[in-house]
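Each number in this note's numbering comes from the position in the sequence shown (counting from 1) with 330 added on. Every residue gets a Cβ at the ideal spot worked out from N, C-alpha and C, and that includes glycine. None of the values given here were measured: they were computed from a predicted structure.
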Amino acid sequence: MLLADIGNTNIKLWRDGVVTRQDAIAALLPSTPFCYINVNPDLDGALKRLDHAQDIAPYFRFETSYRGLGVDRIAACYTVDTGVVVDAGSAITVDVMDSGRHFGGFILPGIRSCKESFVNISPKLVCDLNPSIDLTQLPNTTNDALNYAIFGSIVSLIRTHTKGKRIYLTGGDAKQLYKLLPEATVVPDLVFRGMQKAIKEKGISC
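The following block contains the structure:
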């Protein structure tokens, strides 16, 4: 089975439990049969021209009142009955699931985007990222102050909506957030687990 999670900048491929990453370029799309989800409009045309590519977005049975929820977020939530799903990539998405229903969520800038935003304010606000920053102490250096703002705002917003629910972390920066959310569970292939569930429910092969 070959699965592709196609984003705006990267394509993540899953084959027999092994995940690889490559640039989101049409020429790099797999030449063998595969199933995919896609949030990259620039690759829509190329994907539709491939007879061996199967879009599984229509196969998700998902209860939510959220309008415009991305298929990548749906896939990440699809195997979580109750919990808070955090996908930490170029953007950070946070979604709340309860008894199999999606109750809403929000989007934050990713960790690196936050870091870069400070330099746009002033070239003096250069930050060396430190995901182990102590959020219980007020900072006394500029670097700590920037890290406190970046990681503190992300962590506090996530915890505001946890309310006893388990936190599931996925995405490229999941391990960084785990240092400040040790109660969370890191599931690197959460999106692919959701894709596999939808495929199994539909009874198709990839």
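Check whether the segment 466-478 and the segment 500-514 are in contact - that is, three or more C-beta pairs closer than 8 Å. no
Supposed close pair I386, A514 - CB separation, criterion 8 Å: Between A514 and I386 the Cβ distance is about 27 Å, and since that is not below 8 Å, they are no contact.
Proximal residues to A475 (C-beta, below 7 Å), its chain only, five neighbours per side dropped: P469
Reference V521, options R442, G502, H491, I488, closest by Cα: G502
Is it buried or exposed, H432, if we count other Cβ atoms within 10 angstroms and call 16 or more buried? For H432, the number of other beta carbons within 10 angstroms of its own is at least 16, and it is reported as buried.
Under the three-state DSSP convention, the category F392 falls into: Taken through DSSP and simplified to helix, strand or coil, F392 comes out as coil.
Test item: CB-CB of G435 and Y498 under 8 Å: no
What does the alpha-carbon distance come out to for the pair T490 and A357? Whole-angstrom Cα-Cα distance: 43 Å.
Quick one: residues in its chain with C-beta nearer than 6 Å to the C-beta of Q352, no 5 flanking neighbours on either side, listed in chain order? For Q352, same chain residues with a beta-carbon under 6 Å away, outside a window of 5 residues either side, are I341, L358 in chain order.
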